[in-house]
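Okay, so the sequence shown: first residue is 1 according to UniProt numbering, each after it adds one.
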Amino acid sequence: MKKNVLIIGAGGVAQVVAHKCAQNNDVLGDIHVASRTVEKCHAIVDSINEKKALKTDGRVEAHALDAMDVGATKALIEKTGAEIVINVGSAFVNMSVLSACIETGAAYIDTAIHEDPLKICETPPWYANYEWKRREECEKAGVTAVLGAGFDPGVVNAYAKLAYDEYFDRVDTIDIIDVNAGSHGRWFATNFDPEINFREFTGQVWSWQSNEWVSNKMFEVRKEWDLPVVGTSTTYMTGHDEVHSLSQNLGVPTVRFWMGFGDHYVNVFTVLNNLGLLSEQPVTTAEGLDVVPLKVVKAVLPDPSSLAPSYIGKTCIGDLVKGVKDGKEREVFIYNVADHKEAYEEVGSQGISYTAGVPAVAAAMLIATGEWDVKKMANVEDLPPRPFLAVLDRIGLPTRIREGEDDRAVDFA
């Protein structure tokens with residue numbers, strides 16, 4: 001049994017993680033929230049207390065931390081007695097936080113691949129660029145490191161493994177579809193860190209097709225889907241972390257990722273990109289100031305966590321899996337629908353943050369109880385999917401499956 005959680009980050013996803021940890025502190029123990037901006041950590045602690053979210057009496061504390069500083073992170077892990085670290089800070093800190101966990105023996109959970117601030121849209125193989133190089137280090141230290149335990153990557157990986165194990169004899173294609181049909185009411189905003197959001201889309205788009213990497217331009221490949229609840233939705237093929245791990249770990253010939261974008265987002269993104277405002281390279285102003293255009297854009301856009309109070313509508317995220325079962329072709333869509341307003345009323349964050357944060361807590365609970373405490377590095381599809389999806393069912397993200405005209409909840413009892 002592992003107890004006590006250190007949450008790194010203080011944005012919208014961290015808010016969800018902290019609230020869900022509080023709701024399950026009988027399993028997870030003390031809760032600590034750490035960020036460079038300690039005021040945001042205190043605000044999260046205050047919101048937990050205001051909502052009386054703690055299931056049992058326990059500690060919820062805020063801490064100042066520069067997570068790029070391995071020594072400081074290690075010291076905070078030791079000071080708090082945290083045996084599980086949930087890293088939902090910037091993707092730039094992943095390797096530093098992982099190092100601190102390896103040195104202290106704490107379990108590590110993140111929700112996205114590591115990124116080098118100086119590199120945008122790195123080419124595949126993504127996990128092999130950083131994380132997988134440290135597999136042996138984790139196993140030697142006996143440290144559990146669960147990679148990509150958000151929704152996508154994360155839950156969609158578990159959906160893929162569930163389909164692979166139980167619904168098919170052979171899987172030919174996995175299309176991961178992520179549609180946000182909600183509205184935040186702002187002229188323009190991103191649903192999570194603008195810097196990370198834009199960095200995902202300014203380079204090439206990579207997909208795994210017929211057992212090889214295929215490159216396209218962003219917004220080049222468009223597809224309409226008829227999805228449960230949210231209806232007909234426009235998506236574009238993009239690169240995403242789980243395309244790499246699923247293609248390699250499950251040996252599926254074709255894995256693609258599709259994200260929903262409205263015309264307004266595409267137009268604004270295109271103008272910003274064409275003007276050079278999404279560049280990470282410094283420029284010098286007429287006044288002699290060195291500025292990074294992408295960071296300036298981030299500074300003038302709304303903080304994603306500020307979108308939550310007025311957000312309405314739903315998300316639909318899932319895996320469309322095709323293959324063969326008992327000699328016959330089969331197609332299933334395994335998915336979840338989340339509601340922005342309900343997420344805000346429960347934990348004070350919008351639905352995008354909710355779907356990213358709840359799975360990380362489910363992973364922490366399984367590490368705490370031992371079911372996922374594997375003492376090595378693992379992607380979600382390396383682990384048993386049913387316990388994970390069963391916990392998600394209980395704590396806010398139920399799974400459904402559509403096959404033909406049949407659309408039903410998946411029973412994990």
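Heads up, the beta-carbon is just placed ideally off N, CA and C, and yes, glycines get one too.
Model, not experiment: these values are computed from the prediction.
- Apart from the 5 residues on each side of it in sequence, A368 sits with its Cβ closer than 7 Å to the Cβ of M1, K2, K3, V27, L28 and I84 in its chain, given in chain order.
- Annotated as proximal: W206 and G239, with beta-carbon spacing under 7 Å.
- Non-local C-beta neighbours of N267 in its own chain, meaning closer than 6 Å and more than five positions away in sequence, are absent.
- Within 10 angstroms of the beta-carbon of H184 lie 16 or more other beta-carbons, which makes it buried.
- G89 is a Cβ neighbour of A67, given a cutoff of 7 Å.
- The beta strand (DSSP E) runs lying completely inside the segment 354 to 408 and spanning 3 residues or more are 377 to 379 and 400 to 403, given in chain order.
- With fewer than 16 other Cβ atoms inside 10 Å of its own Cβ, G288 counts as exposed.
- Following the DSSP letters along the chain, one finds S207 inside the beta strand (DSSP E) bounded by residues Q204 to Q209.
- In the same chain as Y159, and ignoring 5 residues on each side of it, the C-beta atoms closer than 6 Å to its own belong to D319 and I334, in chain order.
- Under the DSSP assignment, S99 falls in the alpha helix (DSSP H) whose first and last residues are N94 to T104.
- Taking a C-beta distance under 7 Å as the contact criterion, L65 and A34 qualify as a contact pair.
- Counted as a single uninterrupted DSSP element, the alpha helix (DSSP H) harbouring I44 occupies residues V38 to E50.
- Here L397 really is in contact with A338; their C-beta atoms are around 7 Å apart, less than 8 Å.
- Under the three-pair Cβ rule at 8 Å, the segment 354 to 367 counts as touching the segment 5 to 21.
- When C-alpha distances from V300 are compared across F219, M237, V179 and T190, the shortest belongs to T190.
- A residue is called buried when at least 16 other Cβ atoms come within 10 angstroms of its Cβ; S306 does not meet this threshold and is exposed.
- According to DSSP, H63 shares a beta bridge with A34.
- Counting every other CB atom within 10 Å of its CB across the protein chains shown gives N379 a total of 16 or more, marking it as buried.
- Measuring C-alpha to C-alpha distances from N197 to each of E115, L250, D169 and L162 identifies E115 as the nearest.
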